[in-house]
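Per my numbering, residue 45 is the first one in the sequence shown, and the count goes up by one each step.
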Amino acid sequence: MRTQQLAIDPVDRLSAVFERFRVRAHLFHSGPLCGVTRFDAQPGLGFLHVLRRGEMVVTHRLHSGAPRRLVLSEPSLLFYPRPLEHAFHNAPSDGSDFVCATLRFDGGVHHPLARGLPPLVVLPLSRMQSMQHTLALLFAETEQVRCGQRLLADRLFEVLLLQLLRWLLDHPDGAALPVGLLCGLAHPELARALVAVHERPGDAWSVESMARRAGMSRSAFAAAFRRAVGQTPAGYLLGWRVAVAQNRLLEGAPLKTLALDLGYGSASALSRAFTQHLGQSPRAWLAGAHR
45 MRTQQLAIDP
55 VDRLSAVFER
65 FRVRAHLFHS
75 GPLCGVTRFD
85 AQPGLGFLHV
95 LRRGEMVVTH
105 RLHSGAPRRL
115 VLSEPSLLFY
125 PRPLEHAFHN
135 APSDGSDFVC
145 ATLRFDGGVH
155 HPLARGLPPL
165 VVLPLSRMQS
175 MQHTLALLFA
185 ETEQVRCGQR
195 LLADRLFEVL
205 LLQLLRWLLD
215 HPDGAALPVG
225 LLCGLAHPEL
235 ARALVAVHER
245 PGDAWSVESM
255 ARRAGMSRSA
265 FAAAFRRAVG
275 QTPAGYLLGW
285 RVAVAQNRLL
295 EGAPLKTLAL
305 DLGYGSASAL
315 SRAFTQHLGQ
325 SPRAWLAGAH
335 R
């Protein structure tokens, strides 16, 4: 009975990721767009667009992973988790209206969630009833200039992003999630193990202890993890620890402290794991990151 209960109890699948790897939104447009508007791919930036009313055509370059041409005929949300050039085509008199924000992911394209999403997520607003209150607040804030408007609009875009990710996790079949972290978090049993690793990366994790946390047998857990996440549990654990180390190195944390926090007996042990995963030492990586 206890194993079954572990598998069905709800778990917060997103907070631990966003507490370690922030996403910051910045409102940059509110109102109509006419003709052709191009959005360049910029390192480390994604986009979140809300088509409030009107119709438009969206185009992407060939081999970008996104549809070459997409026609939107109803209010919709467009989410680009990674840098991707795109263009909006709007007739001058069609009355389309937008609010748009850039999204800056800690770690850029290496942000754990940015890597686990398709290049473009498009959802009609009518399908996302849980976001209607946030959207109403966002639209109200962007209709006129008031004190703190930009700051509040930025925060509302960040709330909207969290609600969108929550919707994707709750509707994995309709979202067509690719293999990766979000697909793993959408799996009720695997999510328990993933969240535990995210919250306590320094614990002495093994495949057996992760499987127990998920309420599964070792073999079933390892097979399901590989299918959903696309790598072994041990490989994911290494990648998560190194990603946390990268983020904290940029904040100025010493390697010795990180080693203790992440479950390594010494700074040299963490350095070896870091080099195994990234192909360069923490010192070399950090020097390149600061250029």
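From the three backbone atoms N, C-alpha and C, an ideal C-beta is built for every residue, glycine too.
Give the straight-line distance between the Cα atoms of residue i and residue j, rounded to the nearest whole angstrom.
i, j, result
"Gln193", "Phe183", "11 Å"
"Leu282", "His321", "7 Å"
"Leu121", "Ala69", "15 Å"
"Arg262", "Val273", "16 Å"
"Trp329", "Arg190", "44 Å"
"Ala333", "Arg271", "33 Å"
"Val165", "Arg113", "14 Å"
"Met100", "Arg292", "42 Å"
"Val55", "Met254", "15 Å"
"Val61", "Arg82", "31 Å"
"Gly259", "Glu233", "7 Å"
"Gln275", "Gln188", "48 Å"
Among residues of its own chain, excluding the 5 on either side of residue i, which ones have a beta-carbon nearer than 7 Å to its beta-carbon?
i, result
"Arg46", "Its pLDDT being 42, under 50, Arg46 is placed unreliably in this model, and the value from its coordinates should be taken loosely. There are no such residues."
"Pro87", "Pro127 and Gly152"
"Gln141", "Note on residue identity: the sequence assigns Asp, not Gln, to residue 141. These residues qualify, in order along the chain: Gly75, Pro76, Arg96, Arg97 and Gly98."
"Arg57", "Leu213, Leu229, Ala235 and Val239"
"Ser174", "Gln207 and Trp211"
Any idea if residue i is buried or exposed, counting beta-carbon neighbours within 10 angstroms, 16 or more meaning buried?
i, result
"Leu179", "buried"
"His104", "buried"
"Thr146", "buried"
"Ser170", "exposed"
"Pro277", "buried"
"Leu106", "exposed"
"Leu150", "Checking the sequence, you will find Asp at residue 150 rather than Leu. Classification of Asp150: buried, given that the 10 Å Cβ count is 16 or more."
"Ala289", "buried"
"Leu195", "exposed"
"Pro245", "buried"
"Phe265", "buried"
"His389", "As displayed, the chain neither begins before 45 nor continues past 335, which places residue 389 out of reach and without an answer."
"Thr186", "buried"
"Ala317", "buried"
"Gln49", "For Gln49, the pLDDT reaches just 43, beneath the cut-off of 50, and the residue's location in the model is therefore unreliable, although a value from the coordinates is still provided. Gln49 is exposed by the Cβ-count criterion."
According to DSSP, what are the bridge partners of residue i?
i, result
"Asp141", "Arg97"
"Ala131", "Arg82 and Thr103"
"Ser357", "Nothing in the structure corresponds to residue 357, since the chain is present only between 45 and 335."
"Ala69", "Leu147"
"Gly75", "Phe142"
"Arg113", "Thr103"
"Leu89", "Arg148"
What residues in its chain sit with their C-beta under 8 Å from that of residue i, if we drop five residues either side in the sequence?
i, result
"Ala313", "Ala303"
"Lys300", "Ser310 and Ala311"
"Trp284", "Pro156, Val241, His242 and Pro245"
With a CB to CB cut of under 6 Å and the five nearest residues on each side skipped, what residues in its chain are close to residue i?
i, result
"Pro125", "Gly90, Ala158 and Leu161"
"Asp305", "Gly246"
"Glu295", "none"
Ignoring anything shorter than 4 residues or poking outside the segment 258 to 284, list the alpha helix (DSSP H) runs there in chain order.
262 to 273
Segments assigned beta strand (DSSP E), at least 3 residues, entirely inside the segment 162 to 191:
165 to 168
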